[in-house]
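Numbering (UniProt numbering), first residue to last: 1 to 785.
Now the structure itself:
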């Protein structure tokens, strides 16, 4: 369930830019132009990116969506662009102009006017190129110029002087035919005599993917709510519950999942949850505090009509909870605490990071930032600069690729609540603008994100990604007890994050980079519980009673991190393997006469089926990604290890319907060799998917070898939420995640060269005495972290 965000919007592309006439009532698009210098020289001597035919992979018929070339050259008109594709790094997210060009190109290629008018744009995203293309671009873009990154040929290093065209991948839904199609559009630079550069879009492929439903869109949710609230039987049912004002009613459409043939993707369906506000004059009221139960509504989202309605049981509305609101004291009916003094983060010399477009340098770390509508934040080309050893790669690509939230109440409607918030909706599409001083604190660099809306316009979420430094306590310390001399260093980390709202819940996704070479992935959960209504005197063991008539069902949150690793692998190398480590107790005997012995036992995971693993905290289980060709000073293979945090497995029974689509939740770790197109653990289209085990569970059946190859780790981590009264009316943040930690990657601690902090300056000025109000500290006394 998406939330509608306030975003800067560009309307759909203009019809003059090889686009069919707008439908009645449609707006005319505006295309912007920005001057850009041309890239000179010859094309890269590299093969073009491979476009895989997703539909033909499944054995489905491939139907061409491209209309025949017209006799006139109208479809080949040049489209103005804000940025020339060839001047951008191949991994940079699509700009607003590139999205607009891609949409216009697909519209222009529609087989008939009817097809073009029925097109709805679910996703327009960069088609990421092959890794060898990225390697060449890295050598060209990374400052300073680094010849060691270039792919060598017989004639020596191959130096690119002109970047190849970028490509966009589009997921398009045909509202009239209920068909989903995949399009690949090449964004080609056109040298024009007029001032500035231009783009021309060229369709590379277009395929209809049968028997699927793409993710829902915020525009559909809003229209669905209006349709339900205008439906006469629904209005009558609400009147039976004492609600005459439909402005108080909230309709949250949820995807139906797949429980039976009735949920087949032959229809695009939503099953709304209903809530009712108490005070229509208070926009800050918690609208999720009064759930409406006993009403069954099923909406055909293609035609936007209610196709099933039943008032099954007259469950009384819960009384208005006086503790339901979470907004400032006046609107909450309480008083905000008054003993909180300001806390400021000051960096008088500015931050330690440097930004070049989407490329980030911070101390010894460097990487690129990407963003997609489905995953949200993506981290590319992660590396650590290690003295004379230079830039050492660690990962090609890091992202959160799926999130599943199953509920544990077997009663209607809660048993159907098992949202796939990435695959059915989109984490990135639901991201919102971050507020300085609240979501992020300190000296901040923001990145905007550009999306297509349902009708093909371009929306921009400003300040969508936050990058900043944080003090993180002590990095290391030792005091010599003989001399009393102490050395201590403060830890600083670079944090990259975004936050999304999916209906009632908020999720913050964070990647932290540390001075000791560690990478931490963290999810922060907050927001509002999804409640159910209780009848007077009723008790349900499948949740927690929050207030009279209100209870919060037990549920779980699962997240999947996809990590395309490259530990010490230079471009073109595939020398990684995965080892599982378990700490074992030595058997009593001659090797353990004192019965105190234990040791770490390593097991090489040789194939995909061997690598389906679960966490075991009792044996301190973790997994090491090693380079099979590189050793440290002890002669051991260099590596990074995945250290689990708290975790769980699904508590639902093995025959639970949602597990048909979420087979990947059955194990905490999966390992696959990199294969283009294997991007999402539940497959490309999990919404209403009737097929069992698509995605990871299907891929690993090949049992491909994992020794000395390009390794992809899929780590599944979750939290079981038994709600408590303290989670109401808004839940304090819960933290969950894992760590990627160097393991023999360095020859010693990489943090020993962190300089001392000026932590003792003006200590007297900062001392706080008993029963004395501390005076404010001037900016000149702020310690340099």
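For glycine and all other residues, C-beta sits at the position ideal for the given N, C-alpha and C.
Legend entry - Nearest candidate by alpha-carbon position, reference residue 377, set 368, 383, 385, 384: Comparing Cα positions, the closest option is 368.
Inset, instruction - Indicate whether residue 313 and residue 329 have their beta-carbon atoms separated by less than 7 angstroms. - result: The Cβ-Cβ distance between residue 313 and residue 329 does not fall below 7 angstroms.
Legend entry - Rounded C-alpha distance that separates residue 584 from residue 640: If you take the alpha carbons of residue 584 and residue 640, they lie about 21 angstroms apart.
Inset, instruction - Would you mind working out which of 586, 628, 579 sits nearest residue 613, comparing C-alpha positions? - result: Of the candidates 586, 628, 579, the one whose C-alpha sits nearest the C-alpha of residue 613 is 579.
Inset, instruction - Give me the Cα-Cα distance between residue 366 and residue 497, rounded to the nearest whole angstrom. - result: Distance between the alpha carbons of residue 366 and residue 497 is about 16 angstroms.
Inset, instruction - Just grab the DSSP bridge partners of residue 511 for me. - result: Paired residues: 496, 521.
Inset, instruction - With distances taken Cα to Cα, identify the nearest neighbour of residue 410 among 709, 542, 463. - result: If we check each option's Cα against that of residue 410, 542 comes out closest.
Inset, instruction - Could you spell out the range, first to last residue, of the beta strand (DSSP E) harbouring residue 623? - result: Run containing residue 623: 622-631, per the beta strand (DSSP E) assignment.
Legend entry - Runs of alpha helix (DSSP H) wholly within the stretch 282-337 (minimum 4 residues, chain order): Entirely contained in the stretch 282-337, the alpha helix (DSSP H) runs reaching 4 residues are, in chain order, 329-332.
Inset, instruction - Determine, using beta carbons only, whether residue 358 and residue 92 come nearer to each other than 7 angstroms. - result: Taking 7 angstroms as the cut-off, the Cβ atoms of residue 358 and residue 92 count as close.
Inset, instruction - Please classify residue 258: does DSSP put it in a helix, a strand, or coil? - result: In the three-state scheme derived from DSSP, where H, G and I count as helix and E and B as strand, residue 258 is classed as coil.
Inset, instruction - Report the rounded CA-to-CA distance for residue 506 versus residue 429, giving the unit in angstroms. - result: Spanning the two alpha carbons is a distance of roughly 13 angstroms.
Legend entry - At least 3 beta-carbon pairs within less than 8 angstroms: the stretch 502-521 vs the stretch 661-676: No: fewer than three Cβ pairs fall under 8 angstroms.
Legend entry - Where residue 439 falls: helix, strand or coil (DSSP): Residue 439 falls in the coil class under three-state DSSP.
Legend entry - Best match in 231, 695, 268, 672 for proximity to residue 682 [C-alpha to C-alpha]: Ranked by Cα distance from residue 682, the options 231, 695, 268, 672 are led by 695.
Inset, instruction - Please report how far the alpha carbon of residue 174 lies from the alpha carbon of residue 182, in whole angstroms. - result: Residue 174 and residue 182 have their alpha carbons spaced roughly 11 angstroms apart.
Inset, instruction - Give the C-beta separation of residue 309 and residue 373 to the nearest angstrom, bearing in mind that I take them to be a contact with Cβ-Cβ under 8 angstroms. - result: For residue 309 against residue 373, the beta-carbon gap comes to about 32 angstroms, at or over 8 angstroms, which does not count as contact.
Legend entry - From 298, 572, 301, 316, residue whose alpha carbon lies closest to that of residue 290: Its Cα nearest to that of residue 290, the residue 316 stands out among 298, 572, 301, 316.
Legend entry - residue 720 beta carbon less than 7 angstroms from that of residue 648: In contact: residue 648 and residue 720 (Cβ atoms closer than 7 angstroms).
Legend entry - Span of the alpha helix (DSSP H), counted from its first residue to its last, around residue 642: Careful: residue 642 lies outside any alpha helix (DSSP H), inside the beta strand (DSSP E) at 637-644.
Inset, instruction - Taking only the alpha-carbon atoms, compute the straight-line gap between residue 324 and residue 728 and give it to the nearest angstrom. - result: Going from the Cα of residue 324 to the Cα of residue 728 covers about 7 angstroms.
Inset, instruction - Starting from the N-terminal side, write out each stretch of the alpha helix (DSSP H) that is 4 residues or longer and does not extend beyond the stretch 454-493. - result: Here no run is fully enclosed.
Legend entry - Outcome for residue 176 when other beta-carbon atoms lying within 10 angstroms are tallied against a minimum of 16: With a 10 Å radius around the Cβ and a threshold of 16 neighbouring Cβ atoms, residue 176 comes out exposed.
Inset, instruction - On a CA-only basis, which of 283, 424, 607 is nearest residue 702? Give me that one, please. - result: Selected option, being the one with the closest Cα: 607.
Legend entry - Opening and closing residue of the alpha helix (DSSP H) in which residue 658 lies: Residue 658 -> alpha helix (DSSP H) spans 658-661.
Legend entry - C-alpha gap between residue 539 and residue 526, whole angstroms: Each residue's Cα considered, the two are about 26 angstroms apart.
Legend entry - Distance, residue 549 Cα to residue 249 Cα: Spanning the alpha carbons of residue 249 and residue 549 requires a straight line of approximately 18 angstroms.
Inset, instruction - May I have the straight-line CA-CA distance separating residue 344 from residue 437, to the nearest angstrom? - result: Taking the straight line joining both Cα atoms gives about 9 angstroms.
Legend entry - Pick from 218, 348, 404, 389 that is closest to residue 664, judged by C-alpha positions: Residue 404 is the option with its Cα nearest to residue 664.
Inset, instruction - Give a yes or no on whether the C-beta atoms belonging to residue 214 and residue 171 are separated by under 7 angstroms. - result: Going by C-beta atoms, residue 214 is nearer than 7 angstroms to residue 171.
Legend entry - Reference residue 347; option with closest CA among 469, 750, 491, 417: Out of 469, 750, 491, 417, the CA that lies nearest to the CA of residue 347 is found in 469.
Inset, instruction - Check whether the stretch 440-452 touches the stretch 477-485, counting contact only when three or more Cβ pairs, one atom from each stretch, lie closer than 8 angstroms. - result: No, the stretch 440-452 does not touch the stretch 477-485.
Inset, instruction - Take the Cβ of residue 402 as the centre, count every other Cβ of all protein chains shown within 10 Å, and call the residue buried at 16 or more, exposed below. - result: That one is buried.
Inset, instruction - Output the distance between the C-alpha atoms of residue 605 and residue 531, rounded to the nearest integer angstrom. - result: Cα to Cα, residue 605 sits roughly 43 angstroms from residue 531.
Inset, instruction - Pick helix, strand or coil for residue 741, following the three-state DSSP scheme. - result: Three-state DSSP puts residue 741 in a strand.
Legend entry - Beta-carbon proximity check, residue 273 vs residue 252, cutoff 7 angstroms: It is a contact, given that the beta carbons lie within the stated cut-off.
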